[in-house]
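There are 2 protein chains.
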Amino acid sequence: MIRETIVLVKKDNVHAYVQAYEYIRDRILNGELERGTKLVEERLAEEIGISRTPVRESIRKLEQEGLIKQKRVVNPSDMDLRHIFQVRILLEGFAARHCASFMTEEALVKLKECVDIGSTGNTEEVMSANNEFHDIIVGATNNPMMIDIIDRMQSIIYLFRKTVVYHKRPFLIEEHHDIYKAILLHNGDEAERLMKEHLQNDLEFCLNRMETQQ
Amino acid sequence: MIRETIVLVKKDNVHAYVQAYEYIRDRILNGELERGTKLVEERLAEEIGISRTPVRESIRKLEQEGLIKQKRVVNPSDMDLRHIFQVRILLEGFAARHCASFMTEEALVKLKECVDIGSTGNTEEVMSANNEFHDIIVGATNNPMMIDIIDRMQSIIYLFRKTVVYHKRPFLIEEHHDIYKAILLHNGDEAERLMKEHLQNDLEFCLNRMETQQ
DNA sequence: TTTTTAAAAAATGTATACAAAATTATAAAA
DNA sequence: TTTTATAATTTTGTATACATTTTTTAAAAA
Numbered sequence: 038m039i040r041e042t043i044v045l046v047k048k049d050n051v052h053a054y055v056q057a058y059e060y061i062r063d064r065i066l067n068g069e070l071e072r073g074t075k076l077v078e079e080r081l082a083e084e085i086g087i088s089r090t091p092v093r094e095s096i097r098k099l100e101q102e103g104l105i106k107q108k109r110v111v112n113p114s115d116m117d118l119r120h121i122f123q124v125r126i127l128l129e130g131f132a133a134r135h136c137a138s139f140m141t142e143e144a145l146v147k148l149k150e151c152v153d154i155g156s157t158g159n160t161e162e163v164m165s166a167n168n169e170f171h172d173i174i175v176g177a178t179n180n181p182m183m184i185d186i187i188d189r190m191q192s193i194i195y196l197f198r199k200t201v202v203y204h205k206r207p208f209l210i211e212e213h214h215d216i217y218k219a220i221l222l223h224n225g226d227e228a229e230r231l232m233k234e235h236l237q238n239d240l241e242f243c244l245n246r247m248e249t250q251q
Numbered sequence: 038m039i040r041e042t043i044v045l046v047k048k049d050n051v052h053a054y055v056q057a058y059e060y061i062r063d064r065i066l067n068g069e070l071e072r073g074t075k076l077v078e079e080r081l082a083e084e085i086g087i088s089r090t091p092v093r094e095s096i097r098k099l100e101q102e103g104l105i106k107q108k109r110v111v112n113p114s115d116m117d118l119r120h121i122f123q124v125r126i127l128l129e130g131f132a133a134r135h136c137a138s139f140m141t142e143e144a145l146v147k148l149k150e151c152v153d154i155g156s157t158g159n160t161e162e163v164m165s166a167n168n169e170f171h172d173i174i175v176g177a178t179n180n181p182m183m184i185d186i187i188d189r190m191q192s193i194i195y196l197f198r199k200t201v202v203y204h205k206r207p208f209l210i211e212e213h214h215d216i217y218k219a220i221l222l223h224n225g226d227e228a229e230r231l232m233k234e235h236l237q238n239d240l241e242f243c244l245n246r247m248e249t250q251q
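Structure, rendered in structure tokens:
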């Protein structure tokens, strides 16, 4: 009861630029703002009900993060995706190896849960569990720099996933399961190898679907 | 003559937020703004001779890039440096391996030049050549994402280098030479291994010097 | 003395205004 | 018709004003 009130008050007090940031980010990620769309400060300001100043600020932030480029929603090419994955494979490969040696018990349990939801959950749940699988592994490095870099890349990758019926990608759950198992058995070499292979498959699936669709 | 005029005109027309960005960045990197210093928008605006609006924008950009944190010049800890290097070692290790297979002839020549300046140049030249050595290798990946990430990290690392008499680090030139040689001989494994070792040494040198100084 | 409290000052977040630049629409020429 | 030139419109970059929040300072209480 009290908590609810606090939350509501807080929500009102949230800085306009945070509102703007979240509003624009959401609309980009859920596809309402299509790739290539020009973002006009004044129109967005009106839509959100604030002035241009905080809208500007949030656009600049999203520009830094890579979701906006030259006032337009990014429209990454095949090549961009390849480049992103080249980095991702290096970092997440390392993360998986790291997990095989240093992962906590709780994290391992959560990881297992994510794998299981892969076969028991509905589309929504599976999607979310799959993302969490990677987040847990990356998070276990306890390296904020690494976490931040991957987070940023993931939101760009998400733009591709949308257009792609990603949850239907074959073998995805099996691959997650194998990675989990290698980590469980403290087999770092194998965990890294499997993660890299897994992400390579992801990339290829995305690229293929793009060709088919566009 | 004509060119000079154009440059001057251009310089005048440069957006205020670019001026602000460069001004603040320079002052952070050359140490005039010490680590931990609070950045006050109005004071900077006055100093540069513009209004707060573009100053704000540039501060936000630098915040995204990691040189400013919560309105203060970053003051990275030992741990931060370790985390940065953990990522750097992965990416530059890969870059070195990549170079062993795919580097152009010109790039190789330039790389050799950098190594040579290491023994013939003055302090200034050596410092700059050492930085270029890494830039060339990373640049050869042709992966803008990777280049961007490393660039960003390097400016934070630079904050440490300043306080440290970096050009005197033992074996640095020799290590660069060995990496160059491995690349020249198309020995990817060795290039990667040596690069990782080299960066690890860099990290440890920085950490040691920090302890001594502070 | 150290700790609290109240007042003053400084700094930030946001709105608004306006000139310069970029874009779009319209009319004239090829 | 297409192309070019001009005018109208939109959009951006910057300055400025002001209310709210944060920080600092000074005074009072413990």
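Going down the list, the sequences are from chains A and B.
Just so we're on the same page, the working numbering is the position in the first sequence counted from 1, plus 37.
Just so we're on the same page, the working numbering is the position in the second sequence counted from 1, plus 37.
The beta-carbon is built from N, C-alpha and C at its ideal position, and this holds for glycine as well.
Kindly give me the distance between the Cβ atoms of residue i and residue j, rounded to whole angstroms, as I take these residues to be in contact under 8 Å.
| i | j | result |
| --- | --- | --- |
| B/Leu236 | B/Phe122 | 6 Å |
| B/Glu94 | B/Tyr60 | No, B/Glu94 and B/Tyr60 are not in contact; Cβ-Cβ is about 13 Å, not under 8 Å. |
| A/Val110 | A/Gly86 | Wrong, their Cβ atoms sit about 22 Å apart, outside the cutoff. |
| B/Leu81 | B/Val92 | 5 Å |
By the criterion of Cβ-Cβ separation under 8 Å, what are the contact partners of residue i in chain A?
| i | result |
| --- | --- |
| B/His120 | Asn180, Pro181, Met182, Met183 |
| B/Ile186 | Val124, Ile186 |
Could you tell me which residues DSSP puts in a beta bridge with residue i?
| i | result |
| --- | --- |
| A/Val110 | A/Ile105 |
| A/Lys233 | None; A/Lys233 has no bridge partner. |
| A/Lys75 | A/Arg109 |
Taking the CB atoms as reference points, tell me whether residue i and residue j lie closer together than 9 Å.
| i | j | result |
| --- | --- | --- |
| B/His120 | A/Met183 | yes |
| A/Ala177 | A/Phe139 | yes |
| B/Ile174 | B/Leu148 | yes |
| B/Leu222 | B/Ala133 | no |
| B/Ile187 | B/Leu145 | no |
| A/Val152 | A/His52 | no |
| B/Arg97 | A/Arg97 | yes |
| A/Leu212 | A/Glu234 | The sequence given here places Glu at residue 212 of chain A; Leu does not occur at that position. Contact: yes. |
| A/Asn180 | B/Val124 | yes |
| B/Thr90 | A/Thr90 | yes |
Just to make sure I have the definition right: I need the residues of chain B whose C-beta is within less than 8 Å of the C-beta of residue i. Which are they?
| i | result |
| --- | --- |
| A/Lys98 | Arg97, Gln101 |
| A/Glu94 | Arg93, Glu94, Arg97 |
Can you pull the chain A residues whose beta carbon is under 7 Å from the beta carbon of residue i, in chain order?
| i | result |
| --- | --- |
| B/Ile127 | Rather than Ile, the amino acid found at residue 127 of chain B in this sequence is Leu. Those within 7 Å of B/Leu127 in chain A are Leu127, Leu128, Phe131. |
Would you call the stretch 186 to 194 of chain B and the stretch 98 to 105 of chain B in contact, with 3 or more CB pairs under 8 Å?
Touching, per the Cβ criterion.
Do the stretch 59 to 76 of chain B and the stretch 155 to 170 of chain B make contact, defined as three or more Cβ pairs closer than 8 Å?
Under the three-pair Cβ rule at 8 Å, the stretch 59 to 76 of chain B does not count as touching the stretch 155 to 170 of chain B.
Stretch-stretch touch, CB-based, cutoff 8 Å, three pairs: the stretch 110 to 118 of chain B with the stretch 240 to 247 of chain B
Three or more Cβ pairs drawn from the stretch 110 to 118 of chain B and the stretch 240 to 247 of chain B lie within less than 8 Å of each other, which places the two stretches in contact.
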